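Each remark here refers to the structure printed beneath this line.
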Amino acid sequence: MSIEIKGINKYFDQTRVLQDISLDIHSGEMLALLGPSGSGKTTLLRIIAGLEYQNSGLLSFNGKDVSRLHARDRQVGFVFQHYALFRHMTVFDNVAFGLTVLPRRERPTAAAIKQKVDGLLEMVQLSHLANRFPSQLSGGQRQRVALARALAVDPQILLLDEPFGALDAQVRKELRTWLRQLHEELKFTSVFVTHDQEEAMEIADRVVVMSQGHVEQVGTPEEVMREPESRFVLEFLGEVN
Ligand code: ADP
């Protein structure tokens, strides 16, 4: 599913945190929103998710205006730091959650839910931990559960906010390779937020460099590295994270 963003502005009180953002995200691509802390990445992601609304500008999916649609009606899956796993639920129940809360006529039977969740747990290689609770898992395992949970409802769009932020370098590397493989297998559109340029450059098809609420540059990792279009991009990419 493609995402079209046109002239989006977002204010918190009097402060304009997104300034006239326009961006076409292609169906099936993996796009990284890259920039320093406070540049507006998360706000833009939350607007795409429907967790926040723009003050002006257009947002559509496959050409259809979704500006007024609630998050649950947008067919997006998200892995956000603030949507941590449910601590009182097992791994299995966490992954099943999105299916169990569907309206009755869309809700699969218990057997179908089990089949689906078993398949997802196999995919994220956590079948053996289905009955554990989140506190009994490592950080990397928890992130894989969060991904399986997001994928349970067959989202057309997957949104990830610093998905591997809190993990150590080795686990981050493994997870991002794995996320890329998953993306290629399932062919959803992914948008992920990061302040880590290595992460963006390694797995994204295109990178959006943001600064102070606006888009500085959009391009493939190679284009952005080879031909930075502004002093900001040059300096930001020159920094070693
Ligand atoms: P990033 O993800 O790039 O770190 P954010 O989108 O989180 O940036 O934040 C962009 C700006 O908006 C920051 O100045 C931040 O303080 C402000 N901001 C974000 N969320 C809120 C909010 N709910 N209320 C007020 N200001 C906010």
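Every letter in the sequence shown is one number past the one before it in the UniProt record's numbering, and letter 187, counting from 1, is 187.
Backbone N, C-alpha and C fix where the C-beta goes; we use that ideal spot for every residue, glycine too.
All of these numbers come straight from a predicted model, not from anything done at the bench.
Excluding five sequence positions before and after S37, the CB atoms of its chain that fall closer than 7 Å to its own CB belong to H195, given in chain order.
Looking at I5, S22, Q54, the one whose alpha-carbon comes closest to that of D13 is Q54.
A residue is listed when its beta-carbon falls short of 5 Å from at least one non-hydrogen atom of the ligand ADP; in chain order these are F12, V17, S37, G38, S39, G40, K41, T42, T43. In this structure, P221 is the residue among P221, F232, M225, V233 with its C-alpha nearest to the C-alpha of L31.
Straight across, the Cα-Cα distance linking L147 with E235 is about 33 Å. In this structure the stretch 124-134 does not lie against the stretch 160-175, because fewer than three pairs of beta carbons, one per stretch, are closer than 8 Å.
By the Cβ criterion, the stretch 172-180 is in contact with the stretch 199-210, since at least three pairs of Cβ atoms, one from each stretch, lie closer than 8 Å. A distance below 7 Å between beta-carbons, with the five flanking residues on each side excluded, links A150 to the following residues of its chain, in chain order: G77, F78, V79, L158. Measuring C-alpha to C-alpha distances from E184 to each of V17, S27, I8 identifies S27 as the nearest. In the three-state reduction of the DSSP assignment, H214 falls in the strand class.
Here F61 is buried, its C-beta having at least 16 other C-beta atoms within 10 Å. Residue pairing from DSSP places E4 in a beta bridge opposite D24, S60. In the DSSP assignment, the residues bridged to Y11 are R16. Exclusion of the five residues before and after E29 leaves T189, D205, R206 as the residues of its chain whose Cβ lies within less than 7 Å of its Cβ.
Shown here for L58: same chain residues with a beta carbon closer than 6 Å to its own, the five before and five after excluded, namely K6 in chain order. Rounded to the nearest angstrom, the gap between the Cα atoms of K116 and N94 is 13 Å.
At the C-beta level, V153 and L102 come within 9 Å of one another.
Counting along the chain, the unbroken alpha helix (DSSP H) around D118 starts and ends at 110-123.
Excluding its 5 nearest sequence neighbours in each direction, T90 has C-beta neighbours in its own chain below 8 Å: A130, N131, R132, F133, listed in chain order. In the DSSP assignment, M30 falls within the beta strand (DSSP E) that extends over 30-34. If you look at L158, you'll find it isn't in any alpha helix (DSSP H); it sits in the beta strand (DSSP E) that goes 157-161. In this structure, I48 sits near I3, with a CB-CB distance shorter than 9 Å.
By the CB criterion at 9 Å, E199 and R172 fall inside the cutoff. Per DSSP, T189 is one residue of the beta strand (DSSP E) stretching across 189-194. Spatial neighbours of Q19 in its own chain (CB-CB distance under 6 Å, excluding positions within 5 residues in sequence) are listed in chain order as G213, H214.
Nearest neighbour of L69 by Cα position, chosen from L99, R46, Q136, turns out to be R46.
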